[in-house]
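Structure first, commentary second.
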Ligand code: PEP
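In the numbering used here, the protein residues as written are 16 to 279.
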């Protein structure tokens with residue numbers, strides 16, 4: 016820890032970076048449902064400024080969500096972005112389109128995109144660069160599948176994904192990394208706080224090696240994978256876990272509100 020004089024306390028280490036509680040709604044909620052849920056979550060988030068609160072919503076929900084979030088401390092994100100500025104890419108959305116709609120964050124490399132829609136480490140990197148070039152904050156997801164964890168290669172997989180996702184990105188001030196073990200996403204299986212802390216720490220070490228200690232200490236690294244109102248406090252208390260990327264529990268205002276509370 017070159018960045019600190021002496022041995023830093025846990026609080027000092029966590030104070031170097033922002034906690035971010037982000038919801039990933041996946042393919043859920045119509046625009047009218049989105050409007051109501053953003054309003055309900057904004058009520059829960061009011062005055063809770065120890066963390067950033069972000070809701071990443073389906074593209075068609077973005078205008079309603081942005082409108083409902085106006086004047087609150089909830090920010091609206093998208094669930095993906097294409098890497099080209101425009102062109103013949105049917106079904107895709109550019110970073111500039113998102114910016115013009117009032118989006119501040121975007122997820123790239125979610126395991127469901129990698130698993131079902133052919134995302135590769137290369138396209139994740141290109142999408143991340145496109146989001147950053149447009150001024151978006153980019154949440155880059157990495158994580159091992161069950162067989163990789165069982166084979167003892169979690170560190171190698173996650174380190175490789177992190178390196179490839181960050182290739183050619185010089186400034187990490189708008190980058191967030193989400194460690195999402197694939198076996199824990201939507202399964203109800205959560206990594207233990209120790210497992211989450213260990214892998215988030217490995218990612219931080221990779222970033223320190225690629226950049227420097229100060230950059231690594233300032234980087235927000237979230238945990239994602241069945242985080243909920245019951246387990247959030249323990250996960251978020253870990254020194255390397257700077258927030259959560261939350262799927263299922265972000266669709267319920269009470270549960271998501273409790274996770275925001277746990278981050279205070
Ligand atoms: C996710 O979608 O990124 C996620 C972590 O989902 P869940 O919280 O439902 O496991």
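The C-beta atom is built at its ideal place from N, Cα and C for all residues, glycine as well.
This structure is a prediction, so every number in the text was calculated from the model and none was measured.
Between residue 56 and residue 265, the C-beta spacing is below 9 Å. In the DSSP assignment, the residues bridged to residue 238 are 194, 259. If you draw a straight line from the Cα of residue 186 to the Cα of residue 159, it is about 25 Å long. Burial state of residue 260 is buried, judged by a 10 Å Cβ sphere holding 16 or more other Cβ atoms. According to the DSSP secondary-structure assignment, residue 116 is paired through a beta bridge with no residue. Under the Cβ criterion (8 Å, minimum of three pairs), the region 235 to 254 counts as touching the region 272 to 279. Within a 10 Å sphere around the beta-carbon of residue 103 sit fewer than 16 other beta-carbons, which makes this residue exposed. Per DSSP, reduced to three states, the secondary structure at residue 212 is helical. With distances taken between CA atoms, residue 214 lies nearest to 157 out of 188, 181, 157. Scanning 217, 180, 218, 278 for the CA closest to the CA of residue 246 turns up 278.
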